[in-house]
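If you use this note's numbering, the sequence shown corresponds to residues 2 to 239, in order.
Shown next, in structure tokens, is the structure this report addresses.
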Amino acid sequence: MKTYGFEDHCWKDIVSQELLDIYKAYERATYIGKRPALLAIDLYNASYKGGRKPVIELQGEYPSSCGIHAWDAIEPTERLFAKVRELGIPIIYTTRDTHTVAPKRIGSTNRRLKNITDDAYDIFEAFAPEPGDLVIYKSRASAFFGTPLSAYLNIMDVDSLIVCGESTSGCVRASVVEAYSHGYHVTMVEECCYDRSPLSHKVNLFDLHHKYADVMHIDEALGHLEARAVPATSVTSS
Numbered sequence: 002m003k004t005y006g007f008e009d010h011c012w013k014d015i016v017s018q019e020l021l022d023i024y025k026a027y028e029r030a031t032y033i034g035k036r037p038a039l040l041a042i043d044l045y046n047a048s049y050k051g052g053r054k055p056v057i058e059l060q061g062e063y064p065s066s067c068g069i070h071a072w073d074a075i076e077p078t079e080r081l082f083a084k085v086r087e088l089g090i091p092i093i094y095t096t097r098d099t100h101t102v103a104p105k106r107i108g109s110t111n112r113r114l115k116n117i118t119d120d121a122y123d124i125f126e127a128f129a130p131e132p133g134d135l136v137i138y139k140s141r142a143s144a145f146f147g148t149p150l151s152a153y154l155n156i157m158d159v160d161s162l163i164v165c166g167e168s169t170s171g172c173v174r175a176s177v178v179e180a181y182s183h184g185y186h187v188t189m190v191e192e193c194c195y196d197r198s199p200l201s202h203k204v205n206l207f208d209l210h211h212k213y214a215d216v217m218h219i220d221e222a223l224g225h226l227e228a229r230a231v232p233a234t235s236v237t238s239s
């Protein structure tokens, strides 16, 4: 498993050494908790509409798309899902609540929605839920707010979360901060989170990594997970 420094992440090109020095007090060893669940935030069709194109080119027809950033995250996220399923780690999805009938719909942000198709909030086919997976329907940004997520985590005896999905600055951030507030250790996989804005992605990963979560690269996270799959060598005394 490759070893990374605490600041060896995507924000290095926008964060000054002065700011890194200011944040030195947050440096620590990073890890994945003992009894994790994978929290896959809003991996729904709307994020992938229009294909692997720059986000600005999709705004007219698919304003909810994350374009190239969503598509670049598919391969590492598939690797994360495969390892988690291999180890029997619970998988929890979130998506938008489209079931509640009300005169006025509430949303996760103040962004105006348009051109929403009937399948917009179905989970993208590459990450389709399987029997035994949990799907949480939410109306606000956080996966915890107004949902039964905490109750399910308690029932499953989960003590920590591995987080992927979108957007880093929106629903991912809100969910991570609230998970930390609920006492869960949170690990975020850098290449498996994305945003419409690379700047927002980097700034929020930097802030979350220092305050509320351990941000890991995909190969680093897979290495930690692989290590727990290998039984420790027993030592017998002669």
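Just so it is clear, CB atoms sit at the ideal spot from N, CA and C, and this is done for glycine as well.
For residue i, the three-state DSSP class (helix, strand or coil)
i      : result
His186 : strand
Arg141 : coil
Phe151 : In the sequence as presented, Phe is not what sits at residue 151; that position holds Ser. Looking at Ser151 - three-state DSSP - the assignment turns out to be helix.
Asp215 : strand
His10  : coil
Lys3   : coil
Cut-off 8 Å between Cβ atoms - residues of its own chain near residue i, not counting five sequence neighbours on either side
i      : result
Leu21  : Glu8
Thr237 : Reliability of the predicted coordinates at Thr237 is poor, the pLDDT of 41 falling under 50, and the value obtained from them is presented with this limitation in mind. Closer than 8 Å at Cβ, skipping near neighbours: no residue.
Exposed unless 16 or more other CB atoms sit within 10 angstroms - verdict on residue i
i      : result
Lys13  : exposed
Gly52  : exposed
Met217 : buried
Arg229 : exposed
Ala83  : exposed
Lys212 : exposed
Glu19  : exposed
For residue i, the residue or residues it bridges with in DSSP
i      : result
Gly166 : Ile42 and Cys194
Val136 : Tyr94
Pro37  : Ser161
Ile124 : Tyr45
Whole-angstrom distance between residue j and residue i, CA atom to CA atom
i      : j      : result
Glu241 : Ile23  : A query on residue 241 cannot be resolved here, the shown segment of the chain reaching from 2 to 239 and no further.
Asp120 : Ser48  : 11 Å
Thr234 : Tyr27  : Low confidence applies here, because Thr234 scores a pLDDT of 48, under 50, leaving its location unreliable; read the following figure in that light. Using only the alpha carbons, I get a separation of about 34 Å.
Val164 : Leu209 : 12 Å
Leu154 : Asp160 : 8 Å
Pro132 : Thr78  : 19 Å
Leu150 : Ser17  : 38 Å
Same chain, Cβ closer than 7 Å to residue i, five either side skipped, listed in chain order
i      : result
Lys3   : Asp220 and Glu221
Ile54  : Note that residue 54 is Lys in the sequence shown, not Ile. Answer for Lys54: Gly68 and Ile69, listed in chain order.
Cys193 : Ala74, Pro77, Thr78, Leu81, Cys165 and Ile219
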